[in-house]
Amino acid sequence: MLQLHRIHHAAIIVSDYERSKYFYTQVMGLKVIKETYRPERNSYKLDLSVNDQDQVELFSFPNPPSRPSYPEATGLRHLAFEVDNLEKAISEIEYHQISVEDIRTDKLTGKRFTFFADPDGLPIELYER
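This is the structure:
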């Protein structure tokens with residue numbers, strides 16, 4: 106049987122590289138590992154660290170198609186981050202004038218969570234530890 110150790114990264118294609126770079130570094134607090142410009146593709150790749158272990162990669166390409174969200178399409182549903190204090194995390198997100206959904210409770214785990222969207226409408230979940 107295949108032995109997987111962990112999810113290495115999640116890759117996201119963005120429509121506006123600078124706007125998404127700001128969102129993921131300044132709003133979400135991810136740290137830049139490496140930024141690469143690929144002139145042959147007119148594309149950036151930004152490697153970001155979540156906790157010095159997990160990674161998110163941002164890719165920019167000229168004119169990517171919009172992501173279908175409503176109704177939800179097959180594929181990645183959302184990106185979820187674990188937080189210690191949900192109210193504090195929501196306050197920090199709302200500081201940037203980003204709308205956050207009401208807090209819900211996971212009926213299976215009893216844990217609290219909420220959603221908001223990145224600049225391209227990708228749902229982001231905050232899940233309380």
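My numbering puts the first residue of the sequence shown at 106, with every later residue one more than the last.
Where is the CB? At the ideal position from N, CA and C, for every residue including glycine.
Keep in mind the model is a prediction, meaning the values are calculated, not measured.
For Tyr129, the closest alpha carbon among the candidates Val155, Pro144, Tyr175 is that of Val155. Here Asp207 has Thr219 as same chain residues with Cβ atoms under 8 Å from its own Cβ, once five neighbours each way along the sequence are excluded. Secondary structure note for Ile118: its beta strand (DSSP E) is the uninterrupted segment 114 to 119. Unbroken alpha helix (DSSP H) runs of no fewer than 4 residues, entirely contained in the stretch 184 to 228, are found at 191 to 199, following chain order. Secondary structure in the stretch 133 to 194: the beta strand (DSSP E) runs of 3 residues or longer, each lying completely within the stretch, are 136 to 143, 148 to 154, 160 to 165, 184 to 188 in chain order. Straight-line measurement puts the Cα of Lys212 at about 45 Å from the Cα of Arg143. Contact between the stretch 114 to 130 and the stretch 155 to 171 is present, with at least three C-beta pairs closer than 8 Å. The beta-bridge partner set that DSSP reports for Leu231 consists of Phe186, Thr219. In the three-state reduction of the DSSP assignment, Gln108 falls in the coil class.
The shortest CA-to-CA distance from Ala115 to any of Asn147, Glu197, Lys139, Gln160 is the one to Gln160. Check the Cα spacing between Ser196 and each of Thr210, Thr214, Gly180, Leu231: the tightest is with Leu231.
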